[in-house]
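Since the structure comes first, as structure tokens, the remarks are kept for the end.
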Ligand SMILES: [Zn+2]
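Residue numbers (the numbering used here): 3 to 303.
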């Protein structure tokens with residue numbers, strides 16, 4: 003009888019914290035945050051993930067089956083190796099296989115922006131929409147696509163990965179080696195760097211946003227450029243994908259102007275005079291990543 007209960011483990015691997023969740027059917031029976039090992043060391047990160055998952059497994063009664071889904075700041079390429087991770091020690095490493103060999107079971111590993119988009123599509127801001135583009139605007143900038151509550155990965159597992167599209171070859175340097183990536187234009191680090199390059203002074207994203215509200219001239223230049231870039235890159239994205247809805251996540255999604263001035267600028271830049279695409283704030287907040295990871299096993303059901 004116990005086998006009918008559906009247990010799911012979700013793990014959200016972040017740069018500074020690693021979060022784990024255990025679902026028993028729809029109930030959350032464990033949610034815990036751990037520090038991600040510092041030092042950008044693959045073995046330490048891998049062993050920490052295995053320890054966290056092993057500990058979570060101990061609360062599931064032995065007779066029950068369960069799934070494990072993991073969201074990572076990158077994705078698994080066609081050779082089963084990590085690609086495009088901003089935690090660079092993961093790049094080229096067989097993270098999925100190493101975890102599977104240790105746990106002796108199959109696990110799902112997906113890009114964290116995909117997990118965010120999936121969660122918001124299943125039970126967040128976009129539960130009434132079919133084709134959803136999810137954007138994480140935090141320290142970096144990631145994206146994901148879900149279609150009818152399933153992640154669209156694509157043959158290269160890079161669907162939705164728009165953060166490192168270079169839209170300005172004369173723009174600021176990006177850590178990926180290119181210049182003027184979307185991440186340099188609309189992420190927290192990107193906007194802070196823009197301020198530094200223009201005015202040779204370090205201000206945090208928060209200080210820039212508040213400075214602009216107080217009509218500080220320098221902050222306004224950087225902030226308006228950020229909003230303008232948001233409108234341009236999202237207008238272009240909507241012209242390509244024409245999604246039913248766009249959902250914003252990450253720290254910058256709390257900037258109210260994105261849903262007023264930002265949307266106007268998107269409209270101005272999309273190739274349609276009367277754009278109605280809803281651009282929505284996330285509903286699940288910080289929880290989307292870890293729930294999306296747990297729900298990865300819904301895929302294909
Ligand atoms: Zn880049």
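Every residue, glycine too, gets a C-beta built ideally from N, C-alpha and C.
All values derive from a computational prediction rather than experimental measurement.
DSSP, reduced to helix, strand and coil, places residue 30 within a strand of the structure shown.
Distance from residue 251 to residue 118 at the Cβ level is roughly 5 Å; contact confirmed, criterion being Cβ atoms closer than 8 Å. Per DSSP, reduced to three states, the secondary structure at residue 14 is strand. Between residue 293 and the set 18, 31 and 17, the nearest pair of CA atoms involves 31.
At a threshold of 7 Å, residue 21 does not count as near ligand 1, since its beta carbon sits no closer than that to any of the ligand's heavy atoms.
Secondary structure in the segment 70–95: no beta strand (DSSP E) run of 3 residues or longer lies completely within the stretch. Here residue 111 is not near residue 55, since their CB atoms are 8 Å or more apart.
If you ignore the 5 residues before and after residue 175, its C-beta comes within less than 7 Å of the C-beta of 181, all in its own chain and listed in chain order. With 16 or more other CB atoms across the displayed protein chains lying within 10 angstroms of its CB, residue 10 is buried. Three or more beta-carbon pairs separated by less than 8 Å link the segment 225–244 to the segment 257–273, which places the two stretches in contact.
Cβ contact annotation for residue 193 (same chain, cutoff 7 Å, sequence separation greater than five): 207, 210, 224 and 228, in chain order. Taking a cut-off of 6 Å from the heavy atoms of ligand 1, the residues with a C-beta inside it are 166, 176, 178, 180, 183 and 185.
A distance below 7 Å between beta-carbons, with the five flanking residues on each side excluded, links residue 178 to the following residues of its chain, in chain order: 166. With fewer than 16 neighbouring CB atoms inside 10 Å of its own CB, residue 60 falls in the exposed class. The beta carbons of residue 215 and residue 237 sit no closer together than 8 Å. Three or more Cβ pairs closer than 8 Å define a contact, and the segment 116–131 meets that threshold against the segment 273–284. Just measuring C-alpha positions, the residue of 245, 48 and 37 sitting nearest residue 154 is 245. By the Cβ test, the segment 97–114 is in contact with the segment 144–153, since at least three Cβ pairs between them sit closer than 8 Å. As summarised for the segment 189–275, the continuous alpha helix (DSSP H) elements at least 4 residues long and confined to that stretch are 190–201, 207–215, 219–243 and 263–271, given in chain order.
Distance from the Cα of residue 74 is smallest, within the candidate group 35, 67, 98 and 65, for 98.
Around residue 50, the same chain offers 39 as residues with beta carbons nearer than 6 Å, after the five sequence neighbours per side are excluded. Under the DSSP assignment, residue 117 falls in the alpha helix (DSSP H) whose first and last residues are 114–125. DSSP places residue 56 inside the alpha helix (DSSP H), whose first and last residues are 44–59.
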